[in-house]
Amino acid sequence: MSIKREKLIIINRSFWPIYPVIGEALLRFAERHAQEHDIGVILQDHANIREKLTEFQRGKNVNFYPCKAWSISGSSVARRALDSIFFMAWVFIILIWKRPSKIYISTDPPVLVPFIVCIYSKIFKANFIYHLQDIHPEATNVVIKLKPWLFKFLQKIDAISMRQAEHLITITEEMAHEIKTRSHTKKQIFILSNPSIAFDDVITNKDKEPGFVFCGNAGRLQRIPLLISSIKKYVNQGGILKFIFAGGGVYAEDLKNLANELPKNVIYHGLISPTQAAQLNYNYEWALLPIEDEVTRYAFPSKSSSYVFSGAKIIAICSKETSVAQWILKNNLGIIIEPSIDSICDIFSKIEKQQLSTNIFDINRDELKKQLSFDVFLNKLSKLIFKSDT
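Under our numbering, think of the first position of the sequence shown as 9, with each following residue one higher.
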């Protein structure tokens, strides 16, 4: 007599191949367990995923339920909100149709979709695992001040989802503390660091070039206007080092304009493949990690793992009290710069003139790399979702 396979639905709006870290990790997870379990994935389709799956021979035995994407990271807040509502409706339809017994849901998109999953799970006696890659509405409120009534409403319904989940996953201890404080959940919260993009195809037999690289979302939380102003001042003072940017986001056009204005110092590549991003990270001595202080209580920059694997020294532009700063200092990964034009410009000049001692920085990072590998991420996620699997 055959054993009935458990039906799991994975819900993450951002997915492979557009999103190379979590998207790739969740695809590998689905592929790994598709023989033993009935696995389905609900996602938004930015790149004709069925065609890409066939082209790269991925997703064997996994069922995909793509929903058309109407927005990107650089879209207006209103457009993204409407897109989230459309995706929420799509999720509910697929859940009612497929009737999974277990659901994995992340905060992409936040609040509304996890709450829909919570309602479905209550009605149909299903279990769901809630993976808080960031904490909303707090993270949203850092960028766009929500109406107090709306903020409290979203906070309350997300707290309900947290309390009803089988268990919770997040990235840092600080985020876990925020979750407990706000939701009063009694459920266990597991810490799981995001993995790095793959460095398998990166050419590593060459010396690093002087300069700074930024690969990731140029969004509202990354202090891009401050960084642009600092670079302009540094170059106007005679600075010669290069700044390499790659990625999309609301400030993508500003970075493009900066590259046109300062072609000898700034290069903007736009959206590139994961392999190209990994290669850029490896090529340069320094990696830029600007982040708004307040949001570090509710999120952790995904590009940080890739910077670790690249061997680049990290410049974090934030206060020393943040979780990002403490992580960098604890692991000897780089330096912390206060978010001011003068401080940033000064450190650029010191690096150019080789006036900054870097002997204490850990470049090999072997132990940290193990913790941030895809295998570790997948094994831990497997144990959290399928308790007996490895």
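All C-beta atoms in this analysis are idealised placements derived from N, C-alpha and C, irrespective of residue type, glycine included. Predicted model, so just to flag it, every value in this text is computed and none were measured.
Once you ignore the five residues that flank residue i on each side, which residues in its own chain have a CB closer than 7 Å to its CB?
| i | result |
| --- | --- |
| glutamate 302 | Val150 |
| glutamine 196 | His175 |
| asparagine 340 | Ile368, Phe369, Asp370 |
| leucine 229 | Val150, Val151, Ile299, Glu300, Val303 |
| threonine 178 | Leu140, Ala184, Ile187, Ile197, Ile199 |
| valine 85 | Ile152 |
Taking the straight line between their C-alpha atoms, what separation do you get for residue i and residue j?
| i | j | result |
| --- | --- | --- |
| proline 28 | proline 282 | 6 Å |
| lysine 106 | leucine 200 | 28 Å |
| isoleucine 50 | glycine 342 | 38 Å |
| lysine 391 | lysine 130 | 23 Å |
| lysine 361 | glutamate 329 | 28 Å |
| lysine 311 | alanine 33 | 15 Å |
| glycine 224 | isoleucine 168 | 32 Å |
| alanine 147 | tyrosine 242 | 31 Å |
| glutamate 57 | alanine 285 | Per the sequence shown, residue 57 should be read as isoleucine rather than glutamate. Whole-angstrom Cα-Cα distance: 21 Å. |
| isoleucine 93 | isoleucine 18 | 18 Å |
| threonine 398 | tyrosine 73 | Only weak support is given to the placement of threonine 398: the predicted model assigns it a pLDDT of 41, under 50, and the value that follows is read from those uncertain coordinates. Their Cα atoms are separated by approximately 26 Å. |
| histidine 41 | glutamate 186 | 32 Å |
| tyrosine 138 | leucine 263 | 35 Å |
| leucine 61 | tryptophan 78 | 21 Å |
| asparagine 135 | lysine 15 | 11 Å |
| glutamate 269 | isoleucine 344 | 28 Å |
Return helix, strand or coil for residue i, following the three-state DSSP convention.
| i | result |
| --- | --- |
| isoleucine 197 | strand |
| phenylalanine 253 | strand |
| serine 390 | helix |
| alanine 77 | coil |
| asparagine 340 | coil |
| tyrosine 128 | helix |
| aspartate 370 | coil |
| glutamate 174 | coil |
| asparagine 225 | coil |
| isoleucine 19 | strand |
| leucine 140 | strand |
| phenylalanine 308 | coil |
| valine 210 | coil |
| asparagine 291 | helix |
| isoleucine 404 | The structure shown has nothing for residue 404, since the chain only spans 9 to 398. |
| glycine 219 | strand |
| isoleucine 345 | strand |
| arginine 66 | coil |
| lysine 241 | helix |
Which residues in the same chain as residue i place their Cβ atom closer than 6 Å to its Cβ, once the five residues preceding and following it in sequence are excluded?
| i | result |
| --- | --- |
| serine 318 | Asn289, Tyr290 |
| aspartate 166 | Val119 |
| alanine 307 | Asp142, Ala147 |
| valine 121 | Met96, Val99 |
| cysteine 75 | Gln52, Phe95, Trp98 |
| phenylalanine 222 | Phe253, Leu296 |
| arginine 373 | Val316 |
Leaving out the 5 sequence neighbours to the left and right, which residues in its chain are closer than 8 Å to residue i when beta-carbon positions are compared?
| i | result |
| --- | --- |
| serine 238 | Ile349, Ile352, Cys353, Phe356 |
| serine 22 | Ile30, Gly31, Leu51, Gln52, Asp116 |
| glutamine 379 | Ser201 |
| isoleucine 265 | According to the sequence provided, residue 265 is asparagine. The question's isoleucine does not apply to it. Within the same chain, asparagine 265 has no close Cβ partners at all. |
Would you check whether the ligand NAP has a heavy atom nearer than 6 Å to the C-beta of residue i?
| i | result |
| --- | --- |
| lysine 378 | The model depicted lacks the ligand NAP and carries no ligand whatsoever. |
Return the bridge partner residues of residue i from the DSSP annotation.
| i | result |
| --- | --- |
| asparagine 135 | Lys110 |
| leucine 297 | Ala324 |
| glutamate 261 | Note: glutamate 261 sits in no beta bridge, so no partner. |
| leucine 158 | In the DSSP output, where bridge partners are listed per residue, leucine 158 has none listed. |
| leucine 51 | Pro74 |
| aspartate 46 | Lys15 |
| message | Tell me whether the region 268–277 and the region 240–260 touch, counting them as touching only if at least three CB pairs, one residue from each stretch, are closer than 8 Å. | response | Judged by Cβ distances under 8 Å, the region 268–277 makes contact with the region 240–260, as three or more pairs qualify.
| said: Counting beta carbon pairs with one atom in the region 211–218 and one in the region 288–299, are three or more of them shorter than 8 Å? | reply: yes
| said: Whether or not the region 153–161 and the region 88–107 are in contact is what I'm after, with contact meaning three or more pairs of Cβ atoms, one per stretch, closer than 8 Å; do they touch? | reply: no
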